[in-house]
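> Quick note on numbering: numbering that gives the first Met the number 0 labels position 45 of the sequence shown as 44, and the sequence is numbered without any gaps.
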Amino acid sequence: MSVLKGANLLVMFLLELSVLGAAAWWGATVSGPLAVRILVAVAAAAVFIAVWALFGAANEPRFPQTGWRRVVLELGWFGAASLLLGLAWTPPAGLVMFALWFGNGVLRLVWGQQKL
């Protein structure tokens, strides 16, 4: 069971990275000159990084969130990234990303890896 719990934490980390990739990818697909697309891609990823670092990071975020605030944070963070992925690529890709996060979140709660 500990292998599965470790794998679940790895999936969470990979989902966090995929959020940054989705934000950057969306920024790279906006209409405009190359310089604008690069700027939007970097800015979108930077916004997601700042929000997660301040509120959701696993180790000592500046403003740690628990309970329903943590649920709202993750729902907004992963939900927005799923939406951006769906816009940048295909809607099913965004749905798959959201479903993976949801399943991961349920397992984190069931296995005591995340407290509410």
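Virtual Cβ for every residue (Gly too), placed ideally from N, Cα, C.
Assuming V18 and A80 form a contact by the criterion Cβ under 8 angstroms, report the distance between their Cβ atoms to the nearest whole angstrom.
Residue 18 sits at position 19 when you count from the first residue of the sequence shown. Residue 80 sits at position 81 when you count from the first residue of the sequence shown. Rounded, the Cβ-Cβ distance is 4 angstroms, consistent with contact.
> Is the beta carbon of G66 less than 7 angstroms from the beta carbon of L115?
In the sequence shown, residue 66 corresponds to position 67, counting from 1. In the sequence shown, residue 115 corresponds to position 116, counting from 1. In contact: G66 and L115 (Cβ atoms closer than 7 angstroms).
> Helix, strand or coil for V29 per DSSP?
The sequence position of residue 29 within the sequence shown is 30, counting from 1. V29: coil per DSSP, three-state reduction.
> At the level of alpha carbons, what is the spacing between T28 and R36?
The residue you call residue 28 lines up with position 29 of the sequence shown. The residue you call residue 36 lines up with position 37 of the sequence shown. If you take the alpha carbons of T28 and R36, they lie about 7 angstroms apart.
> With 16 as the cutoff for other CB atoms within 10 Å, does G5 come out buried or exposed?
Numbered from its first residue, the sequence shown carries residue 5 at position 6. So G5 counts as exposed.
> In angstroms with no decimal places, state the Cα-to-Cα distance between E73 and E59.
Here residue 73 refers to the residue found at position 74 when the sequence shown is read from its first residue. Here residue 59 refers to the residue found at position 60 when the sequence shown is read from its first residue. When rounded, the distance between both Cα atoms is 16 angstroms.
> Could you pull the start and end residues of the alpha helix (DSSP H) that N58 belongs to?
What you label residue 58 is simply residue 59 of the sequence shown in a count that begins at 1. Per DSSP, N58 belongs to no alpha helix (DSSP H) and is neither H nor E.
> Of all the beta strand (DSSP E) runs that stay within the bounds of the region 66-95, which reach a length of 3 or more residues?
The qualifying runs do not exist here; there are none.
> Let's test the definition: count the other Cβ atoms within 10 Å of the Cβ of M0 and tell me whether it reaches 16, buried, or not, exposed.
Within the sequence shown, residue 0 is the residue found at index 1, counting from 1. It counts as exposed.
> Which residue's Cα is closest to the Cα of W100: V41, M11 and A87?
For this step, residue 100 is matched to residue 101 along the sequence shown. For W100, the nearest C-alpha among the options comes from M11.
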